[in-house]
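Asker: Read in order, the letters of the sequence shown correspond to residues -22 to -1, 1 to 305 in mature numbering (1 follows the signal peptide of the UniProt record, and there is no 0).
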Amino acid sequence: MKNLGFTLATVFAVGFGGMAAAQEFRLTFAHVLTESTPNARAAETFKAEVEKNSGGRIAIDIRPAAMLGGDVEIIEQTQMGLIHIAIPPTGNLANFNEKMYLFDLPFLMADEAAMMRLLDGEVGAEMLATLESNNLMGLSLWGAGFRQMTNNIRPITGPADLAGTKMRTLQAPAILATYRAFGANPTAMAYAEVYNGLQQGVVEGQENPFANIYSMKFYEVQKYLTVTNHSYHTYAAVMHKPTWDSLPDDLKKVVQEALVVGRDAGRTYTAEDEAKIIAEIQDEIEIIELSPEGREAFIKASEPIYEEFRSKITPELMDRAIAAAKG
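#1: What residue does the alpha helix (DSSP H) around E171 start on, and which one ends it?
#2: Quick one, which of N75, I61, G69 and M45 has its alpha-carbon nearest D82's?
#3: Mark S111 as exposed unless 16 or more other C-beta atoms lie within 10 angstroms of its C-beta, in which case mark it buried.
#4: Roughly how many angstroms separate the alpha carbons of D228 and E235, rounded to a whole number?
#5: Where do the N-terminal and C-terminal ends of the beta strand (DSSP E) with D39 fall, by residue?
#6: State the DSSP-derived secondary structure class of G244, mapped to helix, strand or coil.
#7: Could you check the C-alpha separation between Y157 and I36 for me, to the nearest Å?
#8: Excluding the 5 residues flanking V239 on each side, which residues of the same chain have their C-beta closer than 6 Å to its C-beta?
#9: Is G(-18) buried or exposed, if buried means 16 or more other CB atoms sit within 10 Å of its CB?
#10: Are the segment 197 to 213 and the segment 80 to 94 in contact at 8 Å, needing three or more beta carbon pairs?
#11: Rounding to the nearest angstrom, what Cα-Cα distance links L97 and T108 in this structure?
#12: Report the option in N73, M217, E51 and I153 whose CA atom is closest to the CA atom of L5.
#13: Could you tell me the alpha carbon to alpha carbon distance between residue 310 and A249, rounded to whole angstroms?
#14: Is the CB-CB distance between L117 and L237 below 8 Å?
#15: Need the endpoints of the alpha helix (DSSP H) that F188 sits in, please.
#16: At the level of alpha carbons, what is the spacing between M58 and K230?
#17: Grab me the residues of A303's own chain with a C-beta within less than 6 Å of its C-beta, minus the 5 sequence neighbours each way, in chain order.
#18: Could you spell out the range, first to last residue, of the alpha helix (DSSP H) harbouring T56?
#19: Determine contact between the segment 184 to 200 and the segment 256 to 272, defined as no fewer than three beta-carbon pairs at a distance below 8 Å.
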């Protein structure tokens, strides 16, 4: 077997006539999510779709729960072809591609309808296309729902309540800048380390969608949760570009369509799970609904972030994204 420099194996089953009768592509799909989360289940949905619709010509090997490293390490390994498929948060991808800052702008997407207009429309497709410069093929935009804020200091009812709070965030410049604008003291920390960081007081708060708060049991080591819906937790479904290029056109179609099926499944699972999660954790952590006045205060405090990242995203792209989100 020829060594192609990555772990895509092309296997020929030789028939009686000595001709190649079948071909198999074994693709590694890595992510950091625990297997009960909506998008980990959606990854399994994707796997089933690909293996069924390719007639077994593609096998998907899923490595969940940060088995192959954190999000940044997974992105780097996907660029090198050591991993073939990944769903990293766009916040982490922004360390490699500045246009990805767009999806972390606070309060950009007001609701699910705005999210779908932006992610599934022309702007989302254009954003995915920019990843080719990073040796990645962007194929669809997934997500884990809107992010919420938790902490151990006080109920968060507006940005003033975050003053001085040590908040864990993704290793994402726009998110770090947002919390600094809110008066917090943000710290980037790998997802798998957050529970211990909260438990030991290294950080006092964090932000994540409900599915992640629940699956990682952050509610056990946090006192307050505010339903801020301040940012949609967007993932980019990406492939190692040379691996994508090596697939025949019919199998490219199978993979791309299966990623859309997985995306939609993840959104459905997320919506179904959130009501159950709130009911289950409400006796473990105080849940606060952000008031309209509190939301407006956060939006006002977010304005400098749009200016800070406007040139990196590009003014034209930012303006089209805002228009798409508003409908």
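For glycine and all other residues, C-beta sits at the position ideal for the given N, C-alpha and C.
Answerer: By the coordinates alone:
#1: Locating residue 171 in the sequence shown gives position 193, counting from the first residue. Unbroken run through E171: none, as it is neither H nor E.
#2: Counting from 1 along the sequence shown, the entry for residue 82 is found at position 104. The candidate whose alpha carbon is nearest that of D82 is G69.
#3: Residue numbering aside, residue 111 sits at position 133 when the sequence shown is read from its first letter. Exposed, because fewer than 16 other Cβ atoms sit within 10 Å of the Cβ of S111.
#4: Locating residue 228 in the sequence shown gives position 250, where the first residue counts as 1. Locating residue 235 in the sequence shown gives position 257, where the first residue counts as 1. Approximately 11 Å between the Cα atoms of the pair.
#5: As a position in the sequence shown, residue 39 is number 61, starting the count at 1. Unbroken beta strand (DSSP E) run through D39: I36 to R41.
#6: Taking the first residue of the sequence shown as 1, we reach residue 244 at position 266. If DSSP states are grouped into helix, strand and coil, G244 belongs with the helices.
#7: Here residue 157 corresponds to residue number 179 of the sequence shown, with the count starting at 1. Here residue 36 corresponds to residue number 58 of the sequence shown, with the count starting at 1. Looking at the two C-alpha atoms, the distance is approximately 43 Å.
#8: Working through the sequence shown from its first residue, we reach residue 239 at position 261. The answer, listed in chain order, is E27.
#9: Residue -18 sits at position 5 when you count from the first residue of the sequence shown. Since pLDDT at G(-18) reaches only 37, below the 50 mark, its modelled position is unreliable, and the value read off the structure follows with that caveat. By the neighbour-count rule (16 or more Cβ atoms within 10 Å), G(-18) is not buried but exposed.
#10: yes
#11: Here residue 97 corresponds to residue number 119 of the sequence shown, with the count starting at 1. Here residue 108 corresponds to residue number 130 of the sequence shown, with the count starting at 1. Whole-angstrom Cα-Cα distance: 14 Å.
#12: Indexing the sequence shown from 1 puts residue 5 at position 27. Residue M217 is the option with its Cα nearest to L5.
#13: Since the first residue shown for the chain is -22 and the last is 305, residue 310 is missing from the structure and cannot be characterised.
#14: Your numbering for residue 117 matches position 139 in the sequence shown. Your numbering for residue 237 matches position 259 in the sequence shown. Cβ distance < 8 Å, so L117 and L237 count as in contact.
#15: Locating residue 188 in the sequence shown gives position 210, counting from the first residue. Taken as a continuous stretch (DSSP letters only), the alpha helix (DSSP H) holding F188 covers F188 to S193.
#16: Along the sequence shown, one-based indexing puts residue 58 at 80. Along the sequence shown, one-based indexing puts residue 230 at 252. So the two alpha carbons sit approximately 20 Å from each other.
#17: Indexing the sequence shown from 1 puts residue 303 at position 325. Excluding positions up to five away in sequence, the list reads L86, M87, A92 and L96.
#18: Along the sequence shown, read from residue 1 onward, the residue named residue 56 stands at position 78. Start and end: D49 to M58.
#19: yes
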